[in-house]
Amino acid sequence: MDFLLLMFASAAGKILPPQNLTLVWETDFQPWFSWDPPPRSDTSCKYKVDITGYKDMLRSNTTFGMFLVMEGGSLSFSVKTVCGNNESEPATLNVTSPDLVTALDCYSYTATLVNCTWSAAGDSSNLTFSYILAKEFGDEPPAELQECSSYMSSGGVRTGCTLQASLSHAIHIVLHSTINSTLIRNTFTKRTIYNVRPPPLVWNVTESKRTLAISWSPPDMLDLSEWDFVINYTFCDEYQSIKYKDVLSALINRVPECRYCISINAESNKGQTPARETCVEANEDSLLVYAATTIPLLFAFLTVVAFVCCWKNQDKIFPKVLAPHDLLSDICENKDESSLCKLYVPAEEEANCTITLVADTRTNRTNC
1 MDFLLLMFAS
11 AAGKILPPQN
21 LTLVWETDFQ
31 PWFSWDPPPR
41 SDTSCKYKVD
51 ITGYKDMLRS
61 NTTFGMFLVM
71 EGGSLSFSVK
81 TVCGNNESEP
91 ATLNVTSPDL
101 VTALDCYSYT
111 ATLVNCTWSA
121 AGDSSNLTFS
131 YILAKEFGDE
141 PPAELQECSS
151 YMSSGGVRTG
161 CTLQASLSHA
171 IHIVLHSTIN
181 STLIRNTFTK
191 RTIYNVRPPP
201 LVWNVTESKR
211 TLAISWSPPD
221 MLDLSEWDFV
231 INYTFCDEYQ
241 SIKYKDVLSA
251 LINRVPECRY
261 CISINAESNK
271 GQTPARETCV
281 EANEDSLLVY
291 AATTIPLLFA
301 FLTVVAFVCC
311 WKNQDKIFPK
321 VLAPHDLLSD
331 ICENKDESSL
341 CKLYVPAEEE
351 ANCTITLVAD
361 TRTNRTNC
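Per full-length UniProt numbering, residue 1 is the first one in the sequence shown, and the count goes up by one each step.
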């Protein structure tokens, strides 16, 4: 039956695909792939293998292993039979495991420390984080697989790991967890050379009357030429931003009576530091001098302004007062007669007036 099928396929010009694809994990990063050739296939035929992340790998034998990182928990494995210029349809094997974490991120915090953080997906209470460090350049062999010795946790759930690695290392990560009695594996590779996040810069400021001298220490990773140092500061409601390169100090002109708030951070195309701010108070001596000169000038100016305003508006501020009039004379001199002017004039007393007393004789009569 197989012979007839092969004859039919050959007659139709169609090549049969491989059979019985299998995948066995020898280590967390070492899968072993195998398959059976199609029935009665020509020994001169080869096999084209596609695996997630790797395309068109041509193989003569039917089994091989390789170092492989899934970048998660899923893997697709397909094989075609290739005979001359003809090839079969692919035979495919898909391996899918649940994602144990989301948002896995690794960054260099110092030249020798790396922080890896993630968000747990589902029930990952028994999650373990293990890794292999491999030098990107040079002949140094990869280190042995080791589990994280410094986990970060939140609410009893592991959410990160701090490990020792440099910018020259590739970090091959394997996450393990047991779900429903089944061991789940997720693998990833992270390179922190393009993801650096140093701590805030250590810097100081030296004050003088007219300047502020600022100096800082650069991050302990990357070359100095890869960093830009950005100084932002405010003074007397003004804002300034200045960028410096290849230097570790700067001089800022100072307005003594202003308070300065200064922040500095380092930036590169591979990451940046958080900003760190400090404030420098105004110079008190300058404030006293400023007050001693400004306040008298202000009062003098206000006095001049007040004088000018009063002079221009004197008619309104000091109106003319009319002279008082003899109202009574004005009324009486009027030709129109009125009872008001007809005043009482007492009669002239008569001179040489003689008064004679006459006795009443009737009062002296005796009643008979």
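We put the CB at the ideal spot given by N, CA and C, even for glycine. Computed from a predicted structure; not experimentally measured.
- Can you name, in chain order, every residue of its own chain whose Cβ lies under 6 Å from the Cβ of S119, other than the five neighbours on each side? One-based indexing of the sequence shown puts residue 119 at position 119. So the qualifying residues of the chain are T102 and A103.
- Can I171 and A165 be called in contact, C-beta distance under 8 Å? In the sequence shown, residue 171 corresponds to position 171, counting from 1. In the sequence shown, residue 165 corresponds to position 165, counting from 1. For I171 and A165, yes; Cβs fall inside 8 Å.
- Task: Would you check if the region 213-225 and the region 248-267 touch, i.e. whether three or more CB-CB distances between them fall below 8 Å?
- Result: yes
- Message: So, with DSSP's three-state summary, where would you put F188?
- Response: Counting from one through the sequence shown, the residue named residue 188 turns up at place 188. Correct three-state label for F188: strand.
- Kindly indicate the opening and closing residues of the beta strand (DSSP E) around F33. For the purposes of this step, residue 33 is taken as residue 33 along the sequence shown, with counting starting at 1. Segment Q30 to D36, the beta strand (DSSP E) holding F33.
- Give the single residue among N204, A121 and K80 whose Cα lies nearest to the Cα of D99. In the sequence shown, residue 99 corresponds to position 99, counting from 1. Here the closest residue by C-alpha is A121.
- Neighbour-count burial assignment, F186, 16 or more Cβ in a 10 Å radius: Along the sequence shown, read from residue 1 onward, the residue named residue 186 stands at position 186. According to the sequence provided, residue 186 is Asn. The question's Phe does not apply to it. Buried: at least 16 other Cβ atoms inside 10 Å.
- Task: Tell me, to the nearest whole angstrom, how far the beta carbon of L23 is from that of P31; I am working on the premise that it is less than 8 Å.
- Result: Residue 23 sits at position 23 when you count from the first residue of the sequence shown. Residue 31 sits at position 31 when you count from the first residue of the sequence shown. Correct: roughly 6 Å between the Cβ atoms.
- Message: Mapping the DSSP letters down to three states, classify T81 as helix, strand or coil.
- Response: Stepping through the sequence shown from its first residue, residue 81 is reached at position 81. Three-state result, T81: strand.
- Item | Burial state of F67 (16 or more Cβ within 10 Å) | Counting from 1 along the sequence shown, the entry for residue 67 is found at position 67. It counts as exposed.
- Query: Is the beta carbon of I242 less than 8 Å from the beta carbon of I262?
  - Reply: The residue you call residue 242 lines up with position 242 of the sequence shown. The residue you call residue 262 lines up with position 262 of the sequence shown. Not a contact, by the Cβ cut-off of 8 Å.
- Message: Only counting the same chain, and skipping five residues up and downstream in sequence, which positions put a Cβ closer than 7 Å to that of N94?
- Response: The sequence position of residue 94 within the sequence shown is 94, counting from 1. These residues qualify, in order along the chain: S76.
- DSSP-derived helix/strand/coil call for I179: Within the sequence shown, numbered from 1, the residue matching residue 179 stands at position 179. It is a strand residue.
- D28: buried (16+ other C-beta within 10 angstroms of its C-beta) or exposed? On the sequence shown, position 28 is the one that residue 28 refers to. Within 10 angstroms of the beta-carbon of D28 lie 16 or more other beta-carbons, which makes it buried.
- Task: Go ahead and pull the three-state DSSP assignment for C309.
- Result: On the sequence shown, residue 309 is found 309 positions in, with the first residue counted as 1. The three-state reading of DSSP puts C309 in helix, counting H, G and I together.
- Excluding five sequence neighbours on each side, which residues of the same chain lie with their C-beta closer than 8 Å to the C-beta of S225? Taking the first residue of the sequence shown as position 1, residue 225 is located at position 225. The answer, listed in chain order, is K245 and D246.
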